[in-house]
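Residue numbering for the sequence shown follows my numbering, starting at 1 and increasing by one per position.
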Amino acid sequence: MSKYYSLYKFLKNSSKVSEVLTFQELENILGFPLPHSAFSYVEWWGNEISPNTRHKHCKEWLSAGWKVENVNLGVNVTFSKIV
Numbered sequence: 001m002s003k004y005y006s007l008y009k010f011l012k013n014s015s016k017v018s019e020v021l022t023f024q025e026l027e028n029i030l031g032f033p034l035p036h037s038a039f040s041y042v043e044w045w046g047n048e049i050s051p052n053t054r055h056k057h058c059k060e061w062l063s064a065g066w067k068v069e070n071v072n073l074g075v076n077v078t079f080s081k082i083v
């Protein structure tokens, strides 16, 4: 199980079509601080569907049926349900 599994659970259980989460809320959901790269690089939040991606964390939101729509580095992330 990925250390980002709690984000999967949160999104999977959401009845909304869009979730805007602050970085603080994301860290609260995860139970640990986000890495520096999450604050510095929009690419960290990429919706990479390749099974060979180094970004294992994106598999959690994609597996839950969500994608990242927008990132304000250090502020918030907008997730949207994949329809």
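Ideal Cβ placement from N, Cα and C applies to all residues, glycine included. No experiment lies behind these values; they were computed from the predicted model shown.
Asked	Found
Sequence-distant residues of the same chain with beta carbon closer than 7 Å to SER63, five excluded per side	TYR8
Nearest-angstrom beta carbon gap, TRP66 and HIS55 [assumed within contact, 8 Å]	Wrong, their Cβ atoms sit about 15 Å apart, outside the cutoff.
Outcome for VAL77 when other beta-carbon atoms lying within 10 angstroms are tallied against a minimum of 16	buried
Contacts around ALA38, its chain only, beta-carbon distance under 6 Å, and the 5 residues preceding and following it disregarded	TRP44
Contact check, VAL68 vs ASN47, beta carbons under 7 Å	yes
Integer-rounded CB distance, given that LEU30 should sit under 8 Å from SER6	6 Å
Alpha carbon of THR22 to alpha carbon of VAL83, nearest angstrom	23 Å
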